[in-house]
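Everything below concerns the one structure shown next.
Numbering (this note's numbering), first residue to last: 44 to 262.
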C-alpha cells in the first residue's frame with residue numbers, strides 16, 4: 044500500500060468517507076499530528092482525502108526546492124507577461140496615428156475595445172485553463188496573440204482594426220491570467236515572493252515596444 048493510500052485509509056477509518064460537517068470541524072480543531080490544520084481545502088470541498096493529497100504534493104515541491112526548472116519557468120512565464128505588456132504599449136503608441144489615418148469612425152474607441160478584450164480574455168482563459176490545462180491555455184493564448192496582432196497591423200479600415208485588436212487582446216488577457224498560475228503551481232512555498240518579481244517582465248515588454256515605436260513612428 045502506497046503512502047497516499049495509507050493516509051487515505053487512516054482518514055476514512057477515523058472520520059468516515061462522507062463529508063459530515065461535524066467530523067470536518069472536529070478534524071480542523073483537533074488536527075492530525077505533523078500536518079497543517081489551517082488548510083481551507085477541507086472547508087471548501089469537504090473532502091479529507093483531497094486535502095491530504097494536496098498536502099503531499101505541496102510537501103514534495105517544498106522538499107525538491109527551487110531548481111533550474113523553476114528558473115526556466117520564471118523566464119517562460121515572464122516572456123508571456125512581457126508580450127502582454129507589449130500589446131498594451133503598442134496600442135498606446137499607435138493610437139494617435141491610427142485615429143488620424145483611419146479617422147476613428149467618428150469617435151475613436153480602440154482603447155476601450157482594447158481593455159474590454161483583456162477582461163473577456165482573462166475570464167475565458169482563466170476558467171478554460173482548468174478544463175484544457177495550463178500548458179495548452181498558455182501556448183494557445185500566445186499564439187493567438189501573435190496571429191491576430193499581425194492581422195491588426197495589416198488592416199486598412201478602422202472597423203477591422205478594432206475587431207482584430209479585440210481578438211488579439213482577448214488572447215493577451217488570457218495569457219495574463221495563466222502566466223502567474225503556471226509559475227505558482229511549481230513554486231516552493233518559501234520562494235513564493237518571486238511571484239511579485241514577475242512584474243519586472245511587464246517593464247521589459249514596454250521597453251521593447253517603446254524602442255520599436257521610437258524607431259518606426261515619426262515625431
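Where is the CB? At the ideal position from N, CA and C, for every residue including glycine. The structure displayed is predicted, hence computed values, not measured ones.
### CB contact flag (residue 195, residue 201, <8 Å)
no
### Task
Could you tell me if residue 111 is buried or exposed, where buried requires 16 or more neighbouring beta carbons within 10 angstroms of its beta carbon?
exposed
### Query
Can you name, in chain order, every residue of its own chain whose Cβ lies under 8 Å from the Cβ of residue 238, other than the five neighbours on each side?
223, 226, 227, 230
### Query
Is the beta carbon of residue 159 sitting closer than 8 Å to the one on residue 141?
In this structure, residue 159 sits away from residue 141, with a CB-CB distance that is not shorter than 8 Å.
### Task
Say whether the region 232-249 touches the region 205-217, bearing in mind that this needs 3 or more beta-carbon pairs closer than 8 Å, one atom from each stretch.
Note that the region 232-249 does not touch the region 205-217; fewer than 3 beta-carbon pairs, one per stretch, sit closer than 8 Å.
### Message
For the pair the region 112-131 and the region 240-252, tell me if three or more CB-CB distances fall below 8 Å.
### Response
yes
### Query
Applying the criterion that 16 or more other CB atoms from any shown protein chain within 10 Å of the CB defines a buried residue, is residue 197 buried or exposed?
exposed
### Message
For residue 254, tell me which candidate among 173, 179, 136 has the shortest Cα-Cα distance.
### Response
136
### Query
Roughly how many whole angstroms lie between the Cα atoms of residue 70 and residue 179?
The pLDDT assigned to residue 70 is 44, lower than 50, so where the model puts this residue is not dependable; a value taken from the coordinates is nonetheless given after this. The alpha-carbon separation between residue 70 and residue 179 amounts to approximately 38 Å.
#### Entry: DSSP three-state assignment for residue 155, whether helix, strand or coil
helix
### Query
For residue 161 versus residue 215, is the C-beta distance shorter than 8 Å?
yes
### Query
Among 221, 156, 190, which residue has its Cα nearest to the Cα of residue 175?
221
### Query
Apart from the five residues on each side of it in sequence, which residues of its chain come closer than 7 Å, Cβ to Cβ, to residue 157?
Taking C-beta separations shorter than 7 Å and ignoring five residues to either side along the sequence, the partners of residue 157 in its chain run 134, 208, 212, following chain order.
### Query
Are there 16 or more other CB atoms within 10 angstroms of the CB of residue 244, so buried, or fewer, so exposed?
buried
### Query
At which residues does the alpha helix (DSSP H) containing residue 228 begin and terminate?
Here residue 228 belongs to no alpha helix (DSSP H), and DSSP marks it neither H nor E.
### Message
Please classify residue 94 as buried or exposed, where buried requires at least 16 other C-beta atoms within 10 Å of its C-beta.
### Response
buried
### Message
Given this structure, state the Cα-to-Cα distance separating residue 100 from residue 120, to the nearest angstrom.
### Response
22 Å
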